[in-house]
Amino acid sequence: MMMNEQHPNNNAMMNQQQAQQQAQQQQPALTFSHALRHAMTHPVDPTMVLSDQERHWALELKRAVTQSERLDLKRPLSDLELTQHAMIARGNVIEALVRIEGMERFRREYDIQDSLEQGMYFIRQFMKQQPGYILHFDVNPQTYEAVMVSDSAAFSQRSAFGENTSENAWRICVASIYYYHFALLPTLATMRRGVSATVECDGVGWHNFRVEYVSRLFEEMFSYLPVKFLELRAYNTSLVANLLFSMARPFMSASMRKSVQLGHRIEGSDSDTEGPRRLSEFYLQPNLEMAQHRILHQFQTFLSIRLYHEKNFRLCCA
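Okay, so the sequence shown: first residue is 1 according to the UniProt record's numbering, each after it adds one.
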């Protein structure tokens with residue numbers, strides 16, 4: 001499917017100078033965090049309210065986890081995490097228990113602590129390992145839809161597998177992907193709404209893809225993540241990129257496969273204008289170093305909010 005459209009987070013794609021100014025001034029994570037902090041000072045935080053049905057699902061799952069003889073939990077699950085699993089499974093206790101068991105294996109294998117210190121360490125190391133891969137993430141303060149933007153051409157699977165560094169490289173990669181999604185869903189409202197992913201594919205080649213990487217990522221963690229994917233939009237897909245998506249499809253869930261949309265273009269990128277041709281030209285402004293600094297700040301903000309709710313959310317009071 002080929003289409004020309006305007007990227008949803010950019011009203012100035014036709015003008016490079018305007019795009020640079022907008023990217024430099026953009027602070028969406030602060031906007032969202034300020035809204036949340038305002039909400040948290042009120043008796044009822046609207047981003048952390050459950051429906052009666054969601055509460056019922058979560059309580060049923062909590063009882064099942066307590067009674068399960070199969071689960072070997074590294075630590076007690078928070079009420080927020082239990083609720084997230086229950087919401088994504090929509091009350092299917094067996095499905096939720098399978099995800100919980102898979103995530104617990106992942107946590108034990110890679111010593112995941114769900115802490116601010118560890119999360120910041122991994123995301124910093126990941127940015128050194130894969131510079132320019134993470135372009136942007138945000139949560140819409142009106143709809144609570146989580147948005148993530150990445151550049152697949154900037155991803156080095158050779159670096160992720162540690163062929164040029166050490167075996168610790170894979171831990172940095174997979175743990176960072178976990179923390180990325182953990183921080184991106186800081187409230188019940190964002191968990192309920194879901195994630196929209198946008199991927200830049202211009203320049204993607206066979207060097208960016210290994211079946212072993214995709215298989216290992218899904219087997220160890222991604223298949224068990226309690227995340228609702230709304231759409232995955234791929235920009236500037238070439239023949240190779242389309243083939244790579246086809247090879248990755250067997251590892252995706254049915255809902256993720258359904259969400260994939262190939263062939264998007266930035267509006268005006270096929271003309272002679274001076275606007276950005278790639279998403280990275282908009283987001284990595286004024287340079288990679290400054291852009292990564294903004295991303296780290298956003299990540300810390302989102303992760304802090306998520307950890308606050310992990311500590312304070314109680315099912316009995318939701």
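Backbone N, C-alpha and C fix where the C-beta goes; we use that ideal spot for every residue, glycine too. Quantities reported herein were computed from a predicted structural model and do not represent experimental measurements.
Just confirm the distance between the C-beta atoms of residue i and residue j, as a whole number of angstroms; I'd bet it's less than 8 Å.
i           : j           : result
residue 261 : residue 241 : About 13 Å; that fails the 8 Å criterion.
residue 160 : residue 204 : With 8 Å as the limit, residue 160 and residue 204 do not qualify as a contact, their Cβ atoms being about 15 Å apart.
residue 137 : residue 148 : 5 Å
residue 303 : residue 183 : 4 Å
residue 169 : residue 129 : 6 Å
residue 108 : residue 74  : 5 Å
residue 77  : residue 101 : Wrong, their Cβ atoms sit about 11 Å apart, outside the cutoff.
residue 193 : residue 145 : 5 Å
Cβ atoms of residue j and residue i: under 7 Å apart, would you say?
i           : j           : result
residue 122 : residue 213 : no
residue 228 : residue 94  : no
residue 315 : residue 58  : yes
residue 103 : residue 188 : no
residue 232 : residue 259 : yes
residue 244 : residue 209 : yes
residue 191 : residue 84  : yes
residue 62  : residue 80  : no
Which residue wins for smallest C-alpha separation from residue i, given the options the options?
i           : options               : result
residue 224 : 266, 201 and 177      : 177
residue 306 : 185, 286, 230 and 267 : 185
residue 134 : 282, 310 and 311      : 282
residue 150 : 298, 144, 255 and 199 : 199
residue 217 : 142, 106 and 44       : 106
residue 202 : 117, 263, 78 and 110  : 263
residue 237 : 46, 277 and 167       : 277
residue 181 : 158, 157, 308 and 221 : 221
residue 158 : 206, 266 and 195      : 206
residue 118 : 46, 299, 265 and 44   : 299
residue 255 : 267, 265 and 230      : 230
residue 253 : 266, 215 and 286      : 215
residue 251 : 266, 219, 267 and 294 : 219
Quick one: what's got a C-beta closer than 6 Å to residue i's C-beta in the same chain, skipping five residues either side?
i           : result
residue 140 : none
residue 249 : 257
residue 284 : 291
residue 321 : One cannot answer for residue 321 here, as it falls past the ends of the chain, which runs 1 to 318.
residue 56  : none
residue 64  : 93
Can you look up residue i in the DSSP assignment and give me helix, strand or coil?
i           : result
residue 300 : helix
residue 51  : coil
residue 267 : coil
residue 109 : helix
residue 227 : coil
residue 145 : coil
residue 44  : coil
residue 67  : helix
residue 99  : helix
residue 235 : strand
residue 4   : The predicted position of residue 4 is uncertain, since its pLDDT is 41 and thus under 50; a value taken from the coordinates is nonetheless stated next. Three-state result, residue 4: strand.
residue 204 : coil
residue 118 : helix
residue 78  : coil
residue 190 : helix
residue 313 : coil
residue 285 : coil
residue 125 : helix
residue 156 : coil
residue 184 : helix
residue 21  : Because the pLDDT of residue 21 is 43, which lies under 50, any placement of that residue in the model is unreliable, and the number read from its coordinates should be weighed accordingly. It is helical.
Apart from the five residues on each side of it in sequence, which residues of its chain come closer than 7 Å, Cβ to Cβ, to residue i?
i           : result
residue 113 : none
residue 126 : 172, 173 and 176
residue 115 : none
residue 211 : 247
residue 68  : 97
residue 288 : 131 and 132
residue 143 : 193
residue 110 : 171, 174 and 175
residue 308 : none
Using C-beta distances below 8 Å, list every residue in its chain close to residue i, excluding the 5 sequence neighbours before and after it, in chain order.
i           : result
residue 60  : 86, 91 and 93
residue 310 : 78, 80, 81 and 114
With a cut-off of 7 Å, does the C-beta of residue i fall near any C-beta of chain C?
i           : result
residue 285 : In the displayed structure, chain C is absent; only one protein chain is listed.
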